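Colleague: After the structure tokens below, expect a handful of questions from me.
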Amino acid sequence: MTSELDIFVGNTTLIDEDVYRLWLDGYSVTDAVALRVRSGILEQTGATAAVLQSDTMDHYRTFHMLERLLHAPPKLLHQLIFQIPPSRQALLIERYYAFDEAFVREVLGKKLSKGTKKDLDDISTKTGITLKSCRRQMESCSVAQAGVQWRDLSSLQPPPPGFRDYAAIVFFANNRFETGKKKLQYLSFGDFAFCAELMIQNWTLGAVGEAPTDPDSQMDDMDMDLDKEFLQDLKELKVLVADKDLLDLHKSLVCTALRGKLGVFSEMEANFKNLSRGLVNVAAKLTHNKDVRDLFVDLVEKFVEPCRSDHWPLSDVRFFLNQYSASVHSLDGFRHQALWDRYMGTLRGCLLRLYHD
Amino acid sequence: MPGKLKVKIVAGRHLPVMDRASDLTDAFVEVKFGNTTFKTDVYLKSLNPQWNSEWFKFEVDDEDLQDEPLQITVLDHDTYSANDAIGKVYIDIDPLLYSEAATVISGWFPIYDTIHGIRGEINVVVKVDLFNDLNRFRQSSCGVKFFCTTSIPKCYRAVIIHGFVEELVVNEDPEYQWIDRIRTPRASNEARQRLISLMSGELQRKIGLKVLEMRGNAVVGYLQCFDLEGESGLVVRAIGTACTLDKLSSPAAFLPACNSPSKEMKEIPFNEDPNPNTHSSGPSTPLKNQTYSFSPSKSYSRQSSSSDTDLSLTPKTGMGSGSAGKEGGPFKALLRQQTQSALEQREFPFFTLTAFPPGFLVHVGGVVSARSVKLLDRIHNPDEPETRDAWWAEIRQEIKSHAKALGCHAVVGYSESTSICEEVCILSASGTAAVLNPRFLQDGTVEGCLEQRLEENLPTRCGFCHIPYDELNMPFPAHLTYCYNCRKQKVPDVLFTTIDLPTDATVIGKGCLIQARLCRLKKKAQAEANATAISNLLPFMEYEVHTQLMNKLKLKGMNALFGLRIQITVGENMLMGLASATGVYLAALPTPGGIQIAGKTPNDGSYEQHISHMQKKINDTIAKNKELYEINPPEISEEIIGSPIPEPRQRSRLLRSQSESSDEVTELDLSHGKKDAFVLEIDDTDAMEDVHSLLTDVPPPSGFYSCNTEIMPGINNWTSEIQMFTSVRVIRLSSLNLTNQALNKNFNDLCENLLKSLYFKLRSMIPCCLCHVNFTVSLPEDELIQVTVTAVAITFDKNQALQTTKTPVEKSLQRASTDNEELLQFPLELCSDSLPSHPFPPAKEHLESASSNSGIPAAQRAMTVEKASPVGDGNFRNRSAPPCANSTVGVVKMTPLSFIPGAKITKYLGIINMFFIRETTSLREEGGVSGFLHAFIAEVFAMVRAHVAALGGNAVVSYIMKQCVFMENPNKNQAQCLINVSGDAVVFVRESDLEVVSSQQPTTNCQSSCTEGEVTT
């Protein structure tokens, strides 16, 4: 006696959260059944392994059918085939678009398209996340990048918590920030997401608050691309290090203010010009796409590493950066105060987040 | 020209990509009714076209309105080649043809293609303007209401129950026509769908005509089936019960206080107080004077002017003269006389109802059934389907005579079915022989009824158990005792019926699902020989099924079966029998004896030991079951009961082989002590198997109950969560040396495993009960067995379940003081918990919110409850959800029951009767057979829900999947499935909302249902 066909269809689609998780994690039916058996469900319910197998298959089939709709969340809301209560719909979407930080850390800044999919295998081996799950997460990222669908998500109350993180992922992917270099390995996804949020808020076109001319087509790019004009203007900051007098004046202002307050004052004093040059040159280089990609590498190389090698405590870094950016206001010869604030305000936040072991 | 049909195509959404190059679609719509077709403009390059068409108007006969479906086809415009069809929507406009139901059909319908399934949705608005029809010789029967529900629908009362109506129409099956060889599968499927739609329309119209002829205005318990006879044709047949229904005058949702006259009005027709005292003492006193003044001025009571002979309406005199309040001989005789004369007018005194107005059912005789095996031949003249008619007439005649033999004049809970394999067809009919109260069967004058009502003391709670036949001249050997309830009349020791448990019956403990399963191998044969072989096997099958049922019933410690349904399925090389019923312990019937096992060779020591071991196991099981189902009948000493009727020889003994004498059995009194213990003799391995299989049935896990009747006896505090589901399993038998035993075991395992799976799947609903569990078996191929189950899981409140045992008087008092008729029994407990000064207590969740934010006015509060409700399954989301523009799809509940727990049905919108075919030539790609069928059934549900929502409804009751024919050909990567479903579309209102609604305008209901239709646009 072999089972040819075995299905269960409810008027309200049954969603088993545990099985959904197993499915999302990319386990095969057999593995999922084994894991469920291990969870002790048979003892709790008095069911047999065959029942569990049939139940798991059934849920997997349902999820498989739902996947098409999950790729476009608004469709899930309006479709008629599966009657799912709204709270469950939200849960389905939220869980589907949840990702493993380990995975995202790997793909951060890479192109979210087919090019990297051949690398999924490597990521899967490296992180221990199943290939299926990697593939799903990759696709979720692409869906998020396509962006269009996500605007409708506002109809889902409240918006999925993962939404902000997706903004970071897409922002990094759009700007192709390099995050994979060895010296950046110590940074977590959270660090990058934090920086991304600051940059989205301050450095993009959308941040300036210019009304988009065509709301449908431009909106996403507004938030997801850096403000080109702003980047061009950053060249003007170069005067801070190019003009020797200005640089000296800046240094003395900072040193006067910080004397006695900094544990690493002498190191700071010795390194000031280097650090300042580093920070300003990073700004000046941002005109070129290639250099934009290396933003984080540069920041770590030019600022984080020198400070770290001198064993600056985090509080001293904060004091220094505050003073460093504030002092510029007292430089009479410098005319780009607003530009400097827009640049340094964000950069200060990022650097503080990036400064750890 | 009595009707104008108006159709507007509004928009489409989620259309499939038809043009690969642009990833878009140029869609337009064809609207077809009869032979007229309209087209919309082509909406270029969009997957979400906005046609916003003008109103397409069809001027048609009402005959066509009834027969034809509205056919909407969505196509992709193609400049160079033929336009590609995206899919179709068939809309049955019947619900628009009677005034009380829906007024407009408006909403999103899934666009269905028989090859690709659902492909997007289309928004359509349909209206009908009916002109008054003065032609008395018309062929249409617009205005006759149809209900699938097998009881009097909740917001109606039965004025007269006329009786049986039946009709069948036949046609050639398009699948077998010569043209099918040259057309595409899609065209063939669509031809079939359309034909069946047409045929069922025609059938419904013809039945409607018969109802009008009987001067009825409705068909209740309407059951329509298709017989796919293959080469020989396609038969669509239907049976039902013609009634004159009167809409209850007060809107059900409008019930302010307990004592208001409007409530009394409603209660009147159903009043069934067994205790005459409550009549005078209870608050229901005023009803006596004001009752039965039903006015025929309702809009739907069509004055069919034709003055035909009064077929069914025999003018009755002497109705009111029912003397003496006693249920004594003279009265009974009189009653019988009346019933007889009322029923004898009818060719077939059959009723498809399974639940009745109180007092309708007087006595129940037992199950009557008839089967016959026929050889199918080609139907030569579709307009004269005489052979099929004759076959059924023959069977019905047999049923009638069986009923007569049981001393009954009527058959209730009547149903018909077929099983077809190649050219052999088994026709089956079954029902419950009964004696009915004539009051409902004729146009008695108002006074007469009233008078009778006052004097009559008839419907006691045990009355229906009393034997209708003559005890000295019994049609079959039975063991009679005096009724354990009234001690006056005789009752049988067990009672089998096909009906639901009467609401007023006293039951001890809970009920349970009991199934008998049986397979018999048969040689493959052709035509005549095959038919003969089958007819020879049938009696044995029936006998064994009955034996199994009886054994299992005893094993459960119960004494009656309700909702019995025996299905015999014929296959190429086997016959399958599956009987399902709900076992209960009726207080009026005697305590069942145990089961005794008797060995054939008592000399063998080890054998005897084995026997006694088995016996012990059986006794343990009985004891366990009694505990499980809470069966603790009050002990009654023998003297009170009086001696049993003397016929010890004839007690219902079951003999395995007829030759054995019974005397040796008594030695082995291992006992349940009862003198009428049931004896099982084990004389061969076969019998041993049977005993083993008896013991293998595992009870459901704790917290679960199951039954195949409407409600579970012994549970009456349902909460509102329901989950209807369909589960299908197909197993392939290993073809090698199949024996009957192996076959039985396989089949048994299949059913048991299926049940176990259901319990596991629904474990989050515990405590809950699977109600209306409906198993269907088919044998699609040589070695395949397919079992389809449809049921509904309903949660109930465990804490309140403890106090279910109330004294009858208390119960009847409650009944008199609260208005529960529409809801059967379940809210009784809720009501009784509250103080009498607060007769309509808000439901639980309402109370909670009231305590938390008491400053908010009631209406608003209800809204907040609805929104904040944490109940996951959207129980509170549905109904007239606040109409906001971005509202998602409204929830539509589906249930095989005639009611929705915790809710009141306020309106019936019409019958839903849909037939779908789905075919695939890429089976593997669609996830194999399971993936294919899973998707298809989900789509069928979706289409039913969409139609109901478009009618303005929020639920389907009495839903049934009548057919699910699945064929596969894995080698060709193909599969095909046909599904036929039906039910009643309704509007319901949660009880917790009733209070709110009642404080608002009475029109709220109507409005909300209308707006709902528009919300979806």
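Sequences listed follow chains A and B, in order.
To convert, count from 1 in the first sequence and add 45; that's the working numbering.
To convert, count from 1 in the second sequence and add 5; that's the working numbering.
Quick reminder that beta carbons are idealized off the backbone N, C-alpha and C, glycines included.
For clarity, every value in this text was computed on a predicted model and none was experimentally measured.
For Ile116 (chain B), which of B:Cys147, B:Gln76, B:Glu64, B:Gly932 has the nearest alpha-carbon?
Modeller: Numbered from its first residue, the second sequence carries residue 116 (chain B) at position 111. The shortest C-alpha separation from Ile116 (chain B) is found at B:Gln76.
Colleague: Give me the Cα-Cα distance between Glu242 (chain A) and Met183 (chain A), rounded to the nearest whole angstrom.
Modeller: Looking up residue 242 (chain A) in the first sequence gives position 197. Looking up residue 183 (chain A) in the first sequence gives position 138. Answer to the nearest angstrom: the Cα atoms are 21 Å apart.
Colleague: Considering only their Cβ atoms, is the gap separating Ile245 (chain A) from Phe217 (chain A) smaller than 7 Å?
Modeller: Mapped onto the first sequence, residue 217 (chain A) falls at position 172. Mapped onto the first sequence, residue 245 (chain A) falls at position 200. Cβ atoms of Phe217 (chain A) and Ile245 (chain A): not closer than 7 Å.
Colleague: Apart from the five residues on each side of it in sequence, which residues of its chain come closer than 6 Å, Cβ to Cβ, to Ser422 (chain B)?
Modeller: As a working mapping, residue 422 (chain B) is identified with position 417 in the second sequence. Excluding positions up to five away in sequence, the list reads Ser433.
Colleague: Please confirm if Glu312 (chain A) has its CB atom under 7 Å from at least one CB of chain B.
Modeller: Locating residue 312 (chain A) in the first sequence gives position 267, counting from the first residue. Not an interface residue.
Colleague: Ile916 (chain B) CB to nearest chain A CB: under 7 Å?
Modeller: The residue you call residue 916 (chain B) lines up with position 911 of the second sequence. It does not: the Cβ of Ile916 (chain B) has no partner Cβ on chain A nearer than 7 Å.
Colleague: In three-state terms, what does DSSP make of His167 (chain B)?
Modeller: The sequence position of residue 167 (chain B) within the second sequence is 162, counting from 1. In the structure shown, His167 (chain B) sits in a strand (DSSP, three-state: E or B).
Colleague: Give the interface partners of Met110 (chain A) over in chain B, defined as CB-CB distance under 9 Å, in chain order.
Modeller: Here residue 110 (chain A) refers to the residue found at position 65 when the first sequence is read from its first residue. In chain order: Gly932, Gly936, His939, Ala940, Ala943.
Colleague: Output needed for Ile123 (chain B): all residues of its chain with C-beta closer than 7 Å, excluding positions within five of it in sequence on either side, in chain order.
Modeller: Translated into positions along the second sequence, residue 123 (chain B) becomes position 118. Closer than 7 Å at Cβ, skipping near neighbours: Pro115, Ile116, Tyr117, Glu944, Ala947.
Colleague: List, in order along the chain, the chain B residues whose C-beta lies closer than 7 Å to that of Val64 (chain A)?
Modeller: Sequence index remark: in the first sequence, residue 64 (chain A) carries index 19 (1-based). None at all; the shortest Cβ gap to chain B is about 11 Å.
Colleague: Applying a beta-carbon distance threshold of less than 8 Å, which residues of chain A neighbour Gln728 (chain B)?
Modeller: Here residue 728 (chain B) is taken as the residue at index 723 of the second sequence, counted from 1. Simply Gly55, Asn56, Thr57, Leu59.
Colleague: Note down the Cα distance separating Tyr474 (chain B) from Ser435 (chain B), rounded to an integer number of angstroms.
Modeller: Within the second sequence, residue 474 (chain B) is the residue found at index 469, counting from 1. Within the second sequence, residue 435 (chain B) is the residue found at index 430, counting from 1. Going by the C-alpha atoms only, they are around 19 Å apart.
Colleague: Hey, could you find the ends of the beta strand (DSSP E) Arg18 (chain B) is sitting in?
Modeller: To locate residue 18 (chain B), count along the second sequence from 1; it is residue 13. Element bounds for Arg18 (chain B): 8-18.
Colleague: When you compare only the Cα positions, how much space is there between Thr296 (chain B) and Asn722 (chain B)?
Modeller: Numbered from 1 along the second sequence, position 291 holds the residue referred to as residue 296 (chain B). Numbered from 1 along the second sequence, position 717 holds the residue referred to as residue 722 (chain B). With a pLDDT of only 26 at Thr296 (chain B), under 50, the local geometry of the prediction cannot be trusted, and the value read off the model is given with reservation. Looking at the two C-alpha atoms, the distance is approximately 31 Å.
Colleague: Under 8 Å by Cβ, that's how I've got Pro190 (chain B) and Ile120 (chain B) pegged, so tell me the actual separation to the nearest angstrom.
Modeller: Taking the second sequence and counting its residues from 1, one reaches residue 190 (chain B) at position 185. Taking the second sequence and counting its residues from 1, one reaches residue 120 (chain B) at position 115. Their Cβ separation, rounded to whole angstroms, is 7 Å, which keeps Pro190 (chain B) and Ile120 (chain B) in contact under 8 Å.
Colleague: Name the DSSP bridge partner or partners of Ala434 (chain B)?
Modeller: Start at 1 with the first residue of the second sequence, and residue 434 (chain B) comes out as number 429. Answer is B:Ala375, B:Glu421, bridged to Ala434 (chain B).
Colleague: Once you ignore the five residues that flank Asn442 (chain B) on each side, which residues in its own chain have a CB closer than 6 Å to its CB?
Modeller: Here residue 442 (chain B) refers to the residue found at position 437 of the second sequence. Within the same chain, Asn442 (chain B) has close Cβ partners Gly364, Phe365, Val367.
Colleague: Would you call Lys528 (chain B) buried or exposed, if buried means 16 or more other Cβ atoms sit within 10 Å of its Cβ?
Modeller: Working through the second sequence from its first residue, we reach residue 528 (chain B) at position 523. So Lys528 (chain B) counts as exposed.
Colleague: Relative to the C-alpha of Gly468 (chain B), which candidate in B:Val429, B:Thr502, B:Asp509 has its C-alpha closest?
Modeller: Position 463 of the second sequence, counted from the first residue, corresponds to residue 468 (chain B). For Gly468 (chain B), the nearest C-alpha among the options comes from B:Asp509.
Colleague: Can you check whether the C-beta of Leu80 (chain A) is within less than 7 Å of a C-beta belonging to chain B?
Modeller: As a first step, residue 80 (chain A) must be located in the first sequence, where it is residue number 35. Not one chain B Cβ lies under 7 Å of Leu80 (chain A).
Colleague: By Cβ distance, which residues of its chain are closer than 7 Å to Asp336 (chain A), with the 5 residues on each side in sequence left out?
Modeller: Here residue 336 (chain A) refers to the residue found at position 291 when the first sequence is read from its first residue. Lys330.
Colleague: So, are the CB atoms of Gly308 (chain A) and Phe222 (chain A) less than 7 Å apart?
Modeller: As a first step, residue 308 (chain A) must be located in the first sequence, where it is residue number 263. As a first step, residue 222 (chain A) must be located in the first sequence, where it is residue number 177. No, they are not a contact pair.
Colleague: Can you name the start and end residues of the alpha helix (DSSP H) that Ala95 (chain A) belongs to?
Modeller: Here residue 95 (chain A) refers to the residue found at position 50 when the first sequence is read from its first residue. Note, Ala95 (chain A): alpha helix (DSSP H), 94-115.
Colleague: Would you mind giving the Cβ-Cβ distance between Ile96 (chain B) and Pro74 (chain B), rounded to the nearest angstrom? I have them listed as a contact below 8 Å.
Modeller: The sequence position of residue 96 (chain B) within the second sequence is 91, counting from 1. The sequence position of residue 74 (chain B) within the second sequence is 69, counting from 1. With a Cβ gap of about 6 Å, Ile96 (chain B) and Pro74 (chain B) count as contacting.
Colleague: Counting only beta-carbon separations shorter than 7 Å, does Lys50 (chain B) have a partner in chain A?
Modeller: Position 45 of the second sequence holds residue 50 (chain B). No, Lys50 (chain B) does not count as interfacial toward chain A.
Colleague: Verify whether the separation of the beta carbon atoms of Leu523 (chain B) and Gly576 (chain B) is less than 7 Å.
Modeller: Here residue 523 (chain B) refers to the residue found at position 518 when the second sequence is read from its first residue. Here residue 576 (chain B) refers to the residue found at position 571 when the second sequence is read from its first residue. Cβ atoms of Leu523 (chain B) and Gly576 (chain B): not closer than 7 Å.
Colleague: Quick check: Leu526 (chain B) and Asn751 (chain B), are their CB atoms within less than 7 Å of each other?
Modeller: Start at 1 with the first residue of the second sequence, and residue 526 (chain B) comes out as number 521. Start at 1 with the first residue of the second sequence, and residue 751 (chain B) comes out as number 746. Their beta carbons are not under 7 Å apart, which means Leu526 (chain B) does not touch Asn751 (chain B) by this criterion.
Colleague: Relative to the alpha-carbon of Ala287 (chain A), which residue among A:Pro119, A:Glu314, A:Lys318 has its alpha-carbon at the smallest distance?
Modeller: One-based indexing of the first sequence puts residue 287 (chain A) at position 242. Ranking the options by Cα distance to Ala287 (chain A), first place goes to A:Lys318.
Colleague: Is the region 757-777 of chain B in contact with the region 96-107 of chain A, if contact means three or more CB pairs nearer than 8 Å?
Modeller: Yes, the region 757-777 of chain B is in contact with the region 96-107 of chain A.
Colleague: List, in chain order, every chain B residue whose beta-carbon is nearer than 7 Å to that of Glu49 (chain A).
Modeller: By 1-based counting over the first sequence, the position of residue 49 (chain A) is 4. Here the neighbours are Val735, Ile736, Arg737, Leu789, Val934.
Colleague: Whole angstroms are fine: how far does the CA of Ala163 (chain B) sit from the CA of Arg18 (chain B)?
Modeller: Here residue 18 (chain B) refers to the residue found at position 13 of the second sequence. Here residue 163 (chain B) refers to the residue found at position 158 of the second sequence. Answer to the nearest angstrom: the Cα atoms are 44 Å apart.
Colleague: Just verifying my parser: in three-state terms, what is the DSSP assignment at Tyr141 (chain A)?
Modeller: Numbered from 1 along the first sequence, position 96 holds the residue referred to as residue 141 (chain A). Helix at Tyr141 (chain A).
Colleague: Should Ala438 (chain B) and Cys470 (chain B) be called a contact, given that it needs their Cβ atoms to be closer than 7 Å?
Modeller: Numbered from 1 along the second sequence, position 433 holds the residue referred to as residue 438 (chain B). Numbered from 1 along the second sequence, position 465 holds the residue referred to as residue 470 (chain B). Not closer than 7 Å, so no.
Colleague: Quick check on DSSP: helix, strand or coil for Tyr764 (chain B)?
Modeller: Taking the first residue of the second sequence as position 1, residue 764 (chain B) is located at position 759. DSSP places Tyr764 (chain B) in helix when its eight states are reduced to three.
Colleague: If you check the beta carbons only, do Ile129 (chain A) and Thr75 (chain A) fall under 7 Å apart?
Modeller: Translated into positions along the first sequence, residue 129 (chain A) becomes position 84. Translated into positions along the first sequence, residue 75 (chain A) becomes position 30. For Ile129 (chain A) and Thr75 (chain A), no; Cβs fall outside 7 Å.
Colleague: Return the residue from the list A:Phe348, A:Lys228, A:Phe144 that minimises the CA-CA distance to Leu396 (chain A).
Modeller: On the first sequence, position 351 is the one that residue 396 (chain A) refers to. When only C-alpha atoms are compared, the closest one is A:Phe348.
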